[in-house]
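If you count the sequence shown from 1, position 103 lands on 436 in the numbering used here, and the numbers rise without skipping. Yeah, the Cβ is synthetic: ideal placement off N, Cα and C, and Gly gets one too.
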Amino acid sequence: MKILTIDDSTTMRRIIINTLNRIGYKDVVQAENGKEGLQRLDEGGVELIITDWNMPEMDGLEFVKKVKTTAHASIPILMVTTNAAKEDIVEALKAGVNNYVVKPFTPETLKEKIELLING
Ligand SMILES: [Mg+2]
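Next up, the structure:
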């Protein structure tokens, strides 16, 4: 399963990719911001998106809203962010985020959320 991970932090992308690899997901593509994320989506094959919220160029919320207007609208989206306030979470869910992980997270939490999205 091809997973797209978007984060402006190289370190965070590495953490997420390492976690994904460890739990068995080896096909991971990455982007530094929402704009690049949209390009990766257009390359095709992505079945799950894991995106940060706060990023330059195009942030995660804007990215999610854009994705929902495209042919990629049905791809499940997990948001990984430091924005833990209830109103932020509500806003993200309203925009079309399927689930939410607050940083810092454990590999176990990330795994659980991903499996929820994949298996329903
Ligand atoms: Mg960020």
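Task: Own chain partners of VAL400 with C-beta closer than 6 Å, once the 5 adjacent residues on each side are dropped - done: Position 67 of the sequence shown holds residue 400. There are no such residues.
TODO: Please confirm whether any heavy atom of ligand 1 lies closer than 7 Å to the CB of ASN387.
DONE: Indexing the sequence shown from 1 puts residue 387 at position 54. With a cutoff of 7 Å, ASN387 counts as near ligand 1, since its C-beta is closer than that to a heavy atom of the ligand.
Open item on the list: With a threshold of 7 Å (Cβ to nearest heavy atom), would ASP341 be considered close to ligand 1?
Closed with: By 1-based counting over the sequence shown, the position of residue 341 is 8. For ligand 1, at least one heavy atom lies less than 7 Å from the Cβ of ASP341.
- [ ] Alpha carbon to alpha carbon, how far is GLU365 from ARG346? Give it in angstroms, no decimals.
- [x] To locate residue 346, count along the sequence shown from 1; it is residue 13. To locate residue 365, count along the sequence shown from 1; it is residue 32. Distance between the alpha carbons of ARG346 and GLU365: 9 Å.
- [ ] Would you kindly check if the distance between the Cβ of GLY370 and the Cβ of THR352 is under 8 Å?
- [x] For the purposes of this step, residue 352 is identified with residue 19 of the sequence shown, where counting begins at 1. For the purposes of this step, residue 370 is identified with residue 37 of the sequence shown, where counting begins at 1. Going by C-beta atoms, THR352 is not nearer than 8 Å to GLY370.
- [ ] Out of LEU381, ASN452, THR414 and LYS368, state which residue places its alpha-carbon closest to the alpha-carbon of SER407.
- [x] For the purposes of this step, residue 407 is taken as the residue at position 74 of the sequence shown. Considering only alpha carbons, the answer is LEU381.
Task: Terminal residues of the beta strand (DSSP E) in which VAL435 lies - done: Looking up residue 435 in the sequence shown gives position 102. Start and end: 432-435.
Task: Coarse secondary structure for THR414, derived from DSSP in three states - done: For the purposes of this step, residue 414 is identified with residue 81 of the sequence shown, where counting begins at 1. The answer is strand: DSSP assigns THR414 an E or B state.
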